[in-house]
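For the sequence shown, the residue numbers in the UniProt record's numbering are 1 to 355. Ideal placement from N, C-alpha and C gives every residue a C-beta, glycine not left out. Some notes on the structure that comes next.
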Amino acid sequence: MSLSCLSLPFFRRARLPGLWASGLPERARCSLRRACRSAVWSAPARWPDSGGPRLMWKLVPAAGPAREPYRLLTGVEYIVGRKNCGILIEDDQSISRNHATLTANFSVTNLSQTDEIPVLTIKDNSKYGTFVNEEKMQNGLSQILKSGDRVTFGVFESKFRVEYEPLVACSSCLDVSGKTALSHAILQLGGLTVNNWTEECTHLVMVSVKVTIKTICALICGRPIVKPEYFTEFLKAVQSKKQLPEIESFYPPVDEPAIESKNIDLSGRQERKQIFKGKTFVFLNAKQHKKLSAAVIFGGGDARLITEENKEDDSFFSAPGTCVVDAGLTDSQTFIPDSQKKWIHSIMDILQRLL
């Protein structure tokens, strides 16, 4: 029996045959390398990704022919009216020249929570009225809108719906100036930048793809990996009302000599979320468990830390779907006390007997 090898060096060594792996082996005697080979990195076909232009506050037309939504940047006052304004509504006699205003702003200055979104406010200045969820607003007063609210300007068919798609960008391997530029663009788009990967993150931002725990978590969570320029170009397109950039044009190059890059898919593939479904990964080292367990959990698996204090019977290690993770005894950079090494060797002996 070979110990499963869930580590960053493993992901660097993994080969890419270009086909979706069938899943993890049914017993612990199979290594994680075979289980993950290509399942994380490669793609046999195109899947809908989560990185398209579905972010920020939007005013979406809900009546008439299909039209592009109006995307609302933070800190900008958008005037809704019938002439010379940011949101132009023509061919509706009930629309005033300055009918209403829409403004999105963050309510706090310390944006550290991934659930913080900009507050979208509407103010009616019209003659014939503005309606939110079929209720007429009081003229001259502001009202906070929620994602999904229905807004009608005037009394005819100028009907819209407001929507917000979360944008939480996690950066990896960016320098200080790169992080600053990214944060500036993301804030204007109504999103947040964070340093640590969580399940709420929508994008991983890298200049070039290196194998980090953030990279693995992003791929397993079905989130796209993009260059920082994607968001600056997206912002420019919104500001100038031009066509939005294609996310596929902003996938960063792979900077890992051990990984073949020709078949790598950096888009958000949702089926990766099930790569570890029904599998239990057993860690024998607390530091390793803390660093790598998130990747297992994001992939639908169970991560267990087994120590001398909470030992399991021999039968636990032979249960279907159980993989014991290499504790890194041969890694010179990993400090493991001699007493713990002795215990880990005893576990290895158990695994050998179960062959």
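Which listed residue (the options) has its alpha carbon closest to that of residue i
i, options, result
"Gln340", "Leu284, Ser318, Asp349, Ile297", "Leu284"
"Met137", "Lys146, Gly148, Phe153", "Phe153"
"Val76", "Gly148, Asp255, Thr103, Val155", "Thr103"
"Val205", "Pro257, Tyr230, Asp349", "Tyr230"
"Phe160", "Glu68, Val209, Arg353, Gly321", "Glu68"
"Gly222", "Tyr128, Ile275, Thr101, Gly81", "Ile275"
"Arg82", "Glu116, Lys58, Asn125", "Asn125"
"Lys227", "Ile186, Ser96, Arg150", "Ile186"
"Thr198", "Met348, Ser293, Glu163", "Ser293"
"Val168", "Ala218, Pro65, Glu312, Ile347", "Ala218"
"Val209", "Ile297, Val176, Glu260", "Glu260"
"Ser315", "Ile347, Glu271, Gln239, His289", "Ile347"
"Lys291", "Asn84, Thr212, Ser177, Pro61", "Thr212"
"Tyr251", "Tyr78, Pro257, Val207", "Val207"
"Glu165", "Val176, Leu182, Gly178, Cys201", "Cys201"
"Gly299", "Glu271, Val254, Lys127, Val176", "Glu271"
"Asp149", "Val162, Lys123, Gln143", "Val162"
"Lys127", "Glu116, Gln243, Asn105, Ile95", "Ile95"
"Ile117", "Ser147, Phe131, Lys123", "Ser147"
Alpha-carbon spacing of residue i relative to residue j, whole angstroms
i, j, result
"Ala327", "Asp265", "30 angstroms"
"Ile87", "Leu305", "56 angstroms"
"Lys214", "Ala63", "42 angstroms"
"Ile220", "Gln93", "52 angstroms"
"Leu145", "Val119", "8 angstroms"
"Ala195", "Ala237", "The residue asked about is misnamed: residue 195 is Asn in this sequence, not Ala. Taking the straight line joining both Cα atoms gives about 26 angstroms."
"Asn139", "Glu90", "21 angstroms"
"Asp302", "Lys277", "8 angstroms"
"Ala319", "Leu351", "12 angstroms"
"Cys170", "Gly190", "15 angstroms"
"His184", "Val282", "41 angstroms"
"Glu135", "Thr121", "16 angstroms"
"Ser107", "Lys342", "55 angstroms"
"Ile225", "Pro65", "34 angstroms"
"Ile216", "Ala286", "20 angstroms"
"Gly129", "Val155", "7 angstroms"
"Lys273", "Ile297", "9 angstroms"
"residue 361", "Glu246", "Outside the displayed span of the chain (1 to 355) sits residue 361, for which this structure offers no information."
"Glu248", "Gly268", "11 angstroms"
"Met56", "Asn310", "47 angstroms"
"Glu312", "Asp349", "14 angstroms"
"Thr180", "Phe317", "48 angstroms"
"Leu174", "Val60", "34 angstroms"
"Val176", "Leu182", "10 angstroms"
"Val324", "Thr232", "44 angstroms"
"Arg97", "Asp255", "54 angstroms"
"Ser158", "Ile79", "15 angstroms"
"Phe234", "Leu73", "11 angstroms"
"Gly178", "Asn105", "24 angstroms"
"Ala258", "Gln239", "41 angstroms"
Exposure of residue i, with buried meaning 16 or more beta-carbon neighbours within 10 Å
i, result
"Lys279", "buried"
"Thr307", "exposed"
"His203", "buried"
"Ala295", "buried"
"His99", "buried"
"residue 357", "Because the chain is modelled from 1 through 355, residue 357 falls outside the range shown and cannot be assessed."
"Pro337", "exposed"
"Arg71", "buried"
"Ile344", "buried"
"Leu192", "buried"
"Lys241", "exposed"
"Thr322", "buried"
"Lys58", "buried"
"Gln188", "buried"
"Cys36", "Below a pLDDT of 50, predicted positions are generally treated as unreliable, and Cys36, at 45, falls in that range; the measurement from the model is reported next regardless. The residue is buried, with at least 16 neighbouring Cβ atoms inside 10 Å."
"Ser142", "exposed"
"Gln288", "buried"
Residue i, enclosing alpha helix (DSSP H) - first and last residue
i, result
"Ser346", "338-353"
"Val324", "Note, Val324: premise wrong, no alpha helix (DSSP H); beta strand (DSSP E) at 322-324."
"Lys291", "286-298"
First and last residue of the uninterrupted beta strand (DSSP E) at residue i
i, result
"Ala100", "100-105"
"Lys58", "56-61"
"Gln143", "142-145"
"Phe131", "130-132"
"Val119", "119-124"
"Leu72", "70-72"
"Val80", "77-81"
"Ala303", "302-305"
"Val254", "Unbroken run through Val254: none, as it is neither H nor E."
"Phe283", "280-283"
Cβ-heavy atom distance, residue i to the ligand SAH, below 6 angstroms
i, result
"Asp313", "You won't find the ligand SAH in this model; it holds no ligand whatsoever."
Mind listing, in chain order, the continuous beta strand (DSSP E) runs of no fewer than 3 residues lying wholly within the segment 189-238? Listed in chain order, they are 192-194, 203-205.
Residue ranges of each alpha helix (DSSP H) within the segment 147-194, 4 or longer: 176-188
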